[in-house]
Structures are given as C-alpha cells and as structure tokens.
Amino acid sequence: MADLPAYVREREPDAPRWVWDDTARWYPPLLAAGVRVERCQDLRLTHHLLTGAPAVDATLLAGEQSEHWDRLGPTVPGDPALFSADDTAEHLRADLEDARQLAAVAASPEAGRLGLLLAAESSGALAAAEMTYAGVPWRVDLHERLLTELLGPRPLRGTRPTGLEAVAVEVREAFHAPGLNPDSRPELLAALRRAGLEVADTRASTLRGLEHDGIEPLLRYKQLSHLFSTFGWAWMDQWVRDGRFRPSYQPAGSTTGRWASNGGGALSFPAQVRPAAVADDGWLLVVADVAQLEPRTLAGMSGDRALARSARGADLYQGMVDDGAVATRADAKLGLIGAMYGATTGESGRMVAGLTRRYPAAFGLVEEAARAGERGEVVRTLLGRGSPRLVADWDRDPDEAPADRDGQDRYRRAYGRFTRNFVVQGTGAEWALCWIADLRNRLWRLGTGPLDARPHLVFFLHDEVVVHTPADLADAVVTELEAAAATASRLLFRTLPIDFPLSTAVVRSYAEAAKA
DNA sequence: GAGGACCGCGCC
DNA sequence: AAAGGGCGCGGTCCTC
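Next comes the structure, spelled out in structure tokens:
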C-alpha cells in the first residue's frame, strides 16, 4: 500500500490490533514516517509459537496457505530480495491465518496463558523494531579515542594496528618464535609446546596461571585483538550511523524464546566499549537489570515457598545463606546455576544435592524437566512455549543420528540438560517479554511527540534494558521500570509472593552502570 | 574464491 | 571417567 503510514496514523487512536505477517517487514517504514503503534499480532512469530505449543491442537492451524506460514523465516531489514523469492509468501492471507490462530487458542485448555504469550511476543517485536529505529546513542569520538589509546591509530585495511603489532612482537620474542602469528591456533600451540607448556588448547582460561614470560603479553594480545576485530573501526563503520548504534534484533530467535540478534553483536556488547554509549545532551540513560532473573523465575514457576522466601530481598543468593540453606553466597550461586544447567560433578554437583533437600519443589522441577528430555518428551515454559523435539533433525538427516548406544545415551543426556535449562530460561524470557511489553507503553505515556522525543527503549539483553530519556524524566522512568516489573510478575505468577528487584542506574554513559 | 567447520572470545 | 544452558562474531584452516 502506497500510503500505509497515513492509513495507520489515522486509525491508531482507536488502538486497533494490527495484524500482519511480520513486524520487521511492516513496522520500520511506519516508524520512519513517524507512526508508532500500540499493539499488533505478528502472525509469523505467533504461528511458529502455536505450532510448537504442546497445549495446541496443531490440526486447527492447518488450512489454506498454512504450509507457507510454516516456512516463513524472519524478514531481514534492508533485504527486499527476500520478498520476491516466493510470490505467494509475499501475499499471504493474514485474515485466514489470524482466524485459525484465534480458534486454536480458544480451543486450548491453556487459552489464557497462550493468549498472554502471543501478545507479549508480538509486543516484543514492536519493541525490537523501535529499538533498532531509535538506536543506542553512540559517541564515535569517544570510541575512536578508546581504540587509539589501546591499539594505536587506525590501520590500513588488512593490517594490524601498531599497538597490537607491538604486543605481537613481545609474544614472538618471549617464545623465540620470529614468524609466529598469534591468531593461528596451530602455530601458537606449537610455540607453547616448544616452550615446555603442554596445553590441549589455547584458551585464555587455560593459559592463565601458567608460568612463562610469554603468557602475560599473549593474554594482552588476545584481549586487544578481540577488541580490534570485533568492536574496532570496521564495526563502527558498519554499525554506527548518525551517532546511533543500531543492532538488529530477532525476537524469539532462540528456541527458548530469548531474542537473537543478527548484526552488530548486540548479544556480546562488551564492557570495553560501553564508555562510548553516552546519552545526548540534556538526556540520560536509565540502565536496569533484574538481579538473578532465572533463579527467581524458577522459584515462581515451581511455587517453591522456601526459595520464594529466600528471594524476598535484593540478593537471592544471600537470602539462601540467611535462610540457613547454605554456608556462603558463592555456594548458593554454584548450586543454583548447577541445577539449572545440569551440573552433576565437582563443587557444583555436590551443592545441587544438598540444596535439593532444602528446596524440593524448585530443584524437583528442573530435575523432572531433565528426565522428560531424556525420555525424549517435549517440555514447555510456564506460558506454554514448547521445546523443539529431540529427534526432529534425525528424520530429515539420518546421518546425524548417533550410531551406537553410547552415542545415543550421550545425546539424550545432552537433550535432558537442554530441556532442564529450557523451562527456566524460556520462562525467564517470558517474564522479560512481559516486562518490556508493559514498559514500552508506560514510557510512551511519559512524554509527547514522536517516539524519540519521549523516553524510549534503546537496548535489551535478556534481563537488562537501557532507556534513553530526557533528563527531567529519569526518575519517572525508574518508577515505570519497577511498575512494569511488578506487572510482569503478576501476569506470570499471579499472587505468589515472589520479588523481582531491579538494580537501576541513572547515568550519562552506559559504562557508569557497572554491575554490582 | 566461496563456503563451512571449528575454535576462542564476548554477553546473559 | 566424565558428564553446565543459550546466543553472535571473526579468524584460521580445510574442502570444493
């Protein structure tokens, strides 16, 4: 439609539920035209979700064109070629698909939770598009200064900056290896062995602690080299425009429902370059993260009263110590992380055993999820997202199937660790989705005018958000962040008394919000 | 020369 | 005996 923005702008005051095939396809042009929408149904995301939801009768989703919806991949921003690949996929009947989805939800015994999940998922897609549109305020001058101080001036394409090359020289001298390329694993392994260091790999964590004069410069080289290649000048050229870093998000890009990101490295936005994320003049950044999101999620979804009690304060691990469940904070963390990831050995494994007696409901829930996975069953999150099947890929690609019994057992245990983590990670992602879904509307109501004239989200990473706000509204933003967190907790866990405290920082630069 | 596997690193 | 989940990205090395 030629004048879609005008069409939407005219109707948006009635707060309709816009139904479209993919938010990443339709929303960016609207935002560019200054049109913001309150809610939508992202049929691609919700189709995918319902298709894999155990509480949904899949036959209700089948019908005209439904196989096209099955195949629909995410729209990549700025890639129009994707639309023309398949003419049918370009003109899908959204009304038919929407009707099927509504019927499928209505027929499910978990209609309430699924409806909430679909709304949250779709709102997340709106938030993702808005964040890419607004971008993280980025000071190229500060970033360049940081790079120059650490690496030397910007090098010619294909060469190392002088500062990095100097460290490489130190490494070569220390290992008496004149031609060594420290980026080459085989060369580095050979040099290490010649120096009498018998290591199986070249990871920094392996090298740290070894006794040799070359180790210190080598570790320094690795750190600088990573900065140079991942967040150096080339990254700035590609991802920063007009003083904004615009990563592209892919809602539900991970099977657990967490977001993925394709481009810009938003998921590994290192602390090293955060000093360059600075609010505009007269504006501030409000950085908020949920302390121990997943342990609290586990307490909530399992209804474990004891763990919920430990979770009452700002520090759940300390709460476990105060409750007498465990001797130290470090032990508490080790045990909970171990339970959620499936650790069975070492310090972590021992802690899990002890804590299971103390928190039977919580630890029992992840244990049961792991057993279900080992039996080859699908598990689900609290709101009903299903885990991918164990053997789905073997059917398509029998070569991938483990050949012997041992291999199959290993594979099943690995899948059990995945399903164990899936239920917690996935439900945690649902809490976070509800949080930002509510937050984006609250932020909108704080201001007037276009999106980027009001407080708005600029970054989201699993359990952390960054809001860019006019300075005089920063306190109000903190209040709304907390109110939105309370909404999310109520939506997921109803009346169970489980706290999700935020640590918030009102700062000029992202780097000032260093985690406690 | 393109494309994929693997590694190692960063984030949660 | 060993057995920790999810992701993106760039470099090297190997294959086609």
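For what it's worth, our numbering labels the leading residue of the first sequence as -8, then goes sequentially. Beta carbons are placed, not taken as given, at the ideal position from N, Cα and C, and that holds for glycine.
Contacting residues, own chain, Cβ-Cβ under 7 Å from residue i (five flanking each side not counted)
| i | result |
| --- | --- |
| residue 441 | 25 |
| residue 126 | 235, 236, 237, 449 |
| residue 273 | 461, 462 |
| residue 36 | 112, 113, 116, 242, 243 |
| residue 186 | 166, 203, 205 |
| residue 501 | 265, 268, 276, 278, 457 |
| residue 405 | none |
| residue 163 | 169, 171 |
| residue 87 | 54, 55, 56 |
Neighbourhood of residue i by C-beta distance below 6 Å, restricted to the same chain and skipping five residues each side
| i | result |
| --- | --- |
| residue 130 | 267, 269 |
| residue 378 | 369, 370, 410, 413 |
| residue 72 | Because residue 72 sits at a pLDDT of 45, beneath the cut-off of 50, its placement in the model cannot be relied upon, and the following sentence gives the value as read from the coordinates. Excluding residues within five positions, none has a Cβ falling inside 6 Å. |
| residue 350 | 295, 297, 298 |
| residue 417 | 247, 248, 372, 376 |
| residue 491 | 281, 287, 476, 480 |
| residue 304 | 310 |
| residue 498 | 276, 504 |
| residue 33 | 14, 113, 116 |
Neighbourhood of residue i by C-beta, 8 Å cutoff - its chain only, sequence neighbours within 5 removed
| i | result |
| --- | --- |
| residue 28 | -1, 3, 9, 18, 21, 117 |
| residue 343 | 326, 329, 330, 334, 335, 354 |
| residue 319 | 312 |
| residue 139 | 145 |
Residue i and residue j closer than 9 Å at C-beta
| i | j | result |
| --- | --- | --- |
| residue 346 | residue 323 | yes |
| residue 264 | residue 212 | no |
| residue 275 | residue 134 | no |
| residue 115 | residue 242 | yes |
| residue 302 | residue 310 | yes |
| residue 142 | residue 152 | yes |
| residue 124 | residue 443 | yes |
| residue 408 | residue 340 | no |
| residue 40 | residue 91 | no |
| residue 285 | residue 415 | yes |
| residue 100 | residue 49 | no |
| residue 307 | residue 283 | yes |
| residue 451 | residue 250 | yes |
| residue 195 | residue 210 | yes |
| residue 198 | residue 155 | no |
| residue 61 | residue 38 | yes |
| residue 107 | residue 289 | no |
| residue 271 | residue 446 | no |
Residue from the options whose Cα sits closest to the Cα of residue i
| i | options | result |
| --- | --- | --- |
| residue 110 | 505, 488, 479, 495 | 479 |
| residue 422 | 483, 7, 465 | 483 |
| residue 119 | 16, 57, 85 | 16 |
| residue 218 | 186, 381, 256 | 256 |
| residue 83 | 366, 365, 184, 12 | 12 |
| residue 66 | 14, 23, 192 | 14 |
| residue 147 | 225, 262, 189 | 225 |
| residue 43 | 200, 454, 431, 381 | 381 |
| residue 494 | 454, 1, 174 | 454 |
| residue 317 | 291, 426, 348, 183 | 348 |
| residue 175 | 193, 401, 358 | 193 |
Residues that residue i bridges to, as DSSP identifies them
| i | result |
| --- | --- |
| residue 20 | For residue 20, which the question treats as bridged, DSSP gives no partner whatsoever. |
| residue 250 | Partner(s): none; residue 250 has no beta bridge. |
| residue 236 | 127, 231 |
| residue 371 | 377 |
| residue 496 | 278 |
| residue 65 | DSSP, once it has assigned bridges, lists no residue as partnering residue 65. |
| residue 268 | 129 |
Touch test, the region 199 to 212 against the region 92 to 104, Cβ-Cβ under 8 Å, three pairs minimum: Fewer than three pairs of CB atoms, one per stretch, sit closer than 8 Å, so the region 199 to 212 makes no contact with the region 92 to 104.
Inter-stretch contact at 8 Å, needing at least 3 Cβ pairs: the region 421 to 437 / the region 469 to 476: yes
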